[in-house]
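As C-alpha coordinates, the structure follows; a few thoughts come after it.
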Amino acid sequence: MRELSLGQLVLSCAGRDSGRFMIVVKILDSNYVYVADGTLRKVDNPKKKKIKHLKVLNKKSDYIAEKLQNKRKIYNDEIKRALEELVDVNMDETSSQI
(Lines of atoms letter the chains of each structure in order from A; the text may use other names.)
(Lines give C-alpha, C1' and ligand atoms only; values in the text may rest on other atoms or scores of the structure.)
Protein backbone atom coordinates (compact mmCIF):
# COMPACT_ATOMS: atom_id res chain seq x y z
CA MET A 12 0.00 0.00 0.00
CA ARG A 13 1.17 3.50 -0.78
CA GLU A 14 2.06 5.78 2.09
CA LEU A 15 -0.64 8.30 2.98
CA SER A 16 0.15 11.93 3.62
CA LEU A 17 -1.76 15.09 4.43
CA GLY A 18 -3.50 16.52 1.39
CA GLN A 19 -3.55 13.11 -0.34
CA LEU A 20 -6.42 12.38 -2.75
CA VAL A 21 -8.28 9.18 -1.86
CA LEU A 22 -11.35 7.36 -3.13
CA SER A 23 -13.73 5.85 -0.59
CA CYS A 24 -14.35 2.17 -1.37
CA ALA A 25 -16.66 1.22 1.53
CA GLY A 26 -19.54 2.72 3.46
CA ARG A 27 -22.20 5.26 2.57
CA ASP A 28 -19.61 7.51 0.99
CA SER A 29 -18.34 4.79 -1.35
CA GLY A 30 -17.24 6.20 -4.71
CA ARG A 31 -16.56 9.71 -3.38
CA PHE A 32 -13.23 11.47 -3.71
CA MET A 33 -11.86 12.95 -0.49
CA ILE A 34 -8.72 14.55 0.88
CA VAL A 35 -6.80 13.33 3.92
CA VAL A 36 -6.89 16.08 6.57
CA LYS A 37 -5.42 14.18 9.53
CA ILE A 38 -3.54 10.91 10.04
CA LEU A 39 -4.46 9.18 13.31
CA ASP A 40 -2.32 6.04 13.16
CA SER A 41 -1.38 3.24 10.77
CA ASN A 42 -5.05 2.17 10.45
CA TYR A 43 -7.15 5.35 10.52
CA VAL A 44 -7.25 8.79 8.89
CA TYR A 45 -9.69 11.69 8.84
CA VAL A 46 -10.98 12.68 5.40
CA ALA A 47 -13.11 15.58 4.17
CA ASP A 48 -14.66 16.60 0.86
CA GLY A 49 -15.87 20.08 1.80
CA THR A 50 -19.48 19.21 0.90
CA LEU A 51 -20.92 16.26 2.81
CA ARG A 52 -17.93 15.89 5.09
CA LYS A 53 -16.88 19.35 6.17
CA VAL A 54 -13.46 20.26 7.51
CA ASP A 55 -14.84 20.86 11.01
CA ASN A 56 -16.46 17.38 11.06
CA PRO A 57 -14.21 15.06 9.00
CA LYS A 58 -14.95 11.35 8.54
CA LYS A 59 -12.81 8.87 10.46
CA LYS A 60 -12.01 6.19 7.91
CA LYS A 61 -10.03 2.95 7.94
CA ILE A 62 -7.19 3.13 5.46
CA LYS A 63 -8.10 -0.30 4.07
CA HIS A 64 -11.46 1.18 2.99
CA LEU A 65 -9.73 3.81 0.87
CA LYS A 66 -8.08 3.64 -2.52
CA VAL A 67 -4.97 5.80 -2.29
CA LEU A 68 -4.45 7.82 -5.46
CA ASN A 69 -1.10 9.27 -6.43
CA LYS A 70 -2.29 12.88 -6.40
CA LYS A 71 -1.83 15.35 -3.58
CA SER A 72 -2.80 18.94 -2.92
CA ASP A 73 0.44 20.61 -1.90
CA TYR A 74 -1.46 23.74 -0.88
CA ILE A 75 -3.71 21.84 1.56
CA ALA A 76 -0.78 19.75 2.83
CA GLU A 77 1.30 22.86 3.54
CA LYS A 78 -1.55 24.57 5.42
CA LEU A 79 -2.21 21.45 7.51
CA GLN A 80 1.47 20.96 8.33
CA ASN A 81 1.76 24.59 9.42
CA LYS A 82 -1.38 24.19 11.60
CA ARG A 83 -3.23 26.84 9.60
CA LYS A 84 -7.00 26.71 9.20
CA ILE A 85 -8.35 25.20 6.01
CA TYR A 86 -11.78 26.01 4.63
CA ASN A 87 -14.36 23.85 2.90
CA ASP A 88 -14.05 25.93 -0.28
CA GLU A 89 -10.32 25.19 -0.39
CA ILE A 90 -10.99 21.45 -0.06
CA LYS A 91 -13.65 21.61 -2.81
CA ARG A 92 -11.35 23.57 -5.13
CA ALA A 93 -8.46 21.15 -4.52
CA LEU A 94 -10.74 18.16 -5.19
CA GLU A 95 -11.96 19.68 -8.46
CA GLU A 96 -8.39 20.22 -9.64
CA LEU A 97 -7.08 16.82 -8.51
CA VAL A 98 -10.04 14.81 -9.81
CA ASP A 99 -9.89 16.56 -13.21
CA VAL A 100 -6.17 15.77 -13.45
CA ASN A 101 -6.75 12.20 -12.28
CA MET A 102 -9.56 11.64 -14.81
CA ASP A 103 -7.41 13.01 -17.64
CA GLU A 104 -4.61 10.57 -16.79
CA THR A 105 -7.03 7.65 -16.48
CA SER A 106 -8.67 8.34 -19.83
CA SER A 107 -5.29 8.69 -21.56
CA GLN A 108 -4.27 5.23 -20.32
CA ILE A 109 -7.35 3.56 -21.84
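Quick note, the sequence shown lines up with residues 12 to 109 if you use the working numbering. Heads up, the beta-carbon is just placed ideally off N, CA and C, and yes, glycines get one too.
message: Quick check on D88: buried or exposed, where buried means 16 or more other Cβ atoms within 10 Å of its Cβ?
response: Locating residue 88 in the sequence shown gives position 77, where the first residue counts as 1. Flag for D88 reads exposed.
field: Unbroken alpha helix (DSSP H) run spanning I34, endpoints
entry: Position 23 of the sequence shown, counting from 1, holds the residue named residue 34. Segment 32 to 38 is the beta strand (DSSP E) holding I34; no alpha helix (DSSP H) there.
Other residues of its chain near K78: CB distance less than 7 Å, five sequence neighbours each side excluded: Taking the first residue of the sequence shown as position 1, residue 78 is located at position 67. Hits under 7 Å: I85.
Residue from L39, K61, V46 with nearest C-alpha to V54: Locating residue 54 in the sequence shown gives position 43, where the first residue counts as 1. Comparing Cα positions, the closest option is V46.
- prompt: Would you call the CB atoms of D28 and L51 closer than 8 Å?
  reply: Against the sequence shown, residue 28 aligns to sequence position 17. Against the sequence shown, residue 51 aligns to sequence position 40. Result yes, Cβ atoms of D28 and L51 sit closer than 8 Å.
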